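When we follow our numbering, the leftmost residue of the sequence shown carries the number 7, and every step to the right adds one.
Glycine included, C-beta positions come from ideal geometry on N, C-alpha and C.
This one's a predicted model, so the numbers in the text were calculated from it and none came from an experiment.
Working notes, beginning with the structure itself.
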Amino acid sequence: MKHWTLLAFGAAFVMGCGGDGDVQLGTSSSSSSGGGAGGEGGTAGAGGQGGGGGQGGGTAGMGGQGGGASSSSSSSSSSSGGAAIVCGDQMCDPATQKCCASMAGQNCIAIDAQCQGLSADCTSAANCTNGEVCCLIFGGPGSIPTANCEPMCTGGPNGTGTQLCATDDECPMGMTCKTPMFPPNGLKQCSF
7 MKHWTLLAFG
17 AAFVMGCGGD
27 GDVQLGTSSS
37 SSSGGGAGGE
47 GGTAGAGGQG
57 GGGGQGGGTA
67 GMGGQGGGAS
77 SSSSSSSSSS
87 GGAAIVCGDQ
97 MCDPATQKCC
107 ASMAGQNCIA
117 IDAQCQGLSA
127 DCTSAANCTN
137 GEVCCLIFGG
147 PGSIPTANCE
157 PMCTGGPNGT
167 GTQLCATDDE
177 CPMGMTCKTP
187 MFPPNGLKQC
197 SF
């Protein structure tokens, strides 16, 4: 029964498009210069895991709101060379983490940890190398969906599924990058 629920969850994700509350995905980063006990504010505008802002208090996840001046840069890459993996309001380090998206939400987990939902090694082409794109793969009955870098995403029962994206530029001609109306919200897919 659990496998059918996950398959239905995956199918709903692919079929959904449009919706409200787009989560901004990208490779920009921001940090707070406020410092403080909670950290420096984090990366990619997400405030980082556990970043508490600066001396002025701040709100975790908001880049140290009230914690001092902010600065931003246009790249956010890990030591492995790939951009951080967007996972809900968290940013996963692709060298050590993957995103686990389930009906309960999205969290960064260790690469070798078991995920009871969609296991994502990527959420856009920015996480891939050599011109590859990020593909949501269903794998057939009884398997748990995954997102991996592939040369291209193709459909069909043995195909490599739907392309996940952060911008319209990643999508094939005629498609745009949209947030599906079904969970997991925060992930975007190329849609007509």
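Which residues in the same chain have their Cβ closer than 6 Å to the Cβ of threonine 182, if we skip the five residues on either side of it in sequence? The beta carbon of threonine 182 sits closer than 6 Å to the beta carbons of Asp174 from its chain, once the five residues preceding and following it are set aside; these are given in chain order.
Beta strand (DSSP E) segment containing methionine 97, residue limits: In the DSSP assignment, methionine 97 falls within the unbroken beta strand (DSSP E) covering 96 to 98.
Selection from Thr135, Ala116, Cys177 that minimises the alpha carbon distance to alanine 89: That would be Thr135, whose Cα lies nearest to the Cα of alanine 89.
Pull the bridge partners of serine 197 from the DSSP assignment, please. In the DSSP output, where bridge partners are listed per residue, serine 197 has Thr182.
Around the Cβ of alanine 172, are there at least 16 other Cβ atoms within 10 angstroms (buried) or fewer (exposed)? With 16 or more neighbouring CB atoms inside 10 Å of its own CB, alanine 172 falls in the buried class.
Nearest to aspartate 140 by CA position, among Ile150, Asn154, Ser149, Pro147, is which residue? According to the sequence displayed, residue 140 carries cysteine and not aspartate. Checking every option, the nearest Cα to that of cysteine 140 belongs to Asn154.
Taking the C-alpha atoms as reference points, what is the distance between isoleucine 202 and glycine 123? No statement about residue 202 is possible, as the shown extent of the chain runs from 7 to 198 and does not include it.
Alpha-carbon to alpha-carbon, serine 149 and lysine 184: If I take the Cα positions, the gap works out to 25 Å.
Under the DSSP definition of a beta bridge, which residues are partnered with cysteine 106? Cysteine 106 is bridged to Asn113, Ser125.
Check each candidate in Met109, Ser108, Ala126, Ala110 and name the one with the smallest Cα separation from alanine 116. It is Ala126 whose Cα lies nearest to the Cα of alanine 116.
Rounded to whole angstroms, what's the CA-CA distance from alanine 132 to proline 157? Just pull it up for me. Going by the C-alpha atoms only, they are around 13 Å apart.
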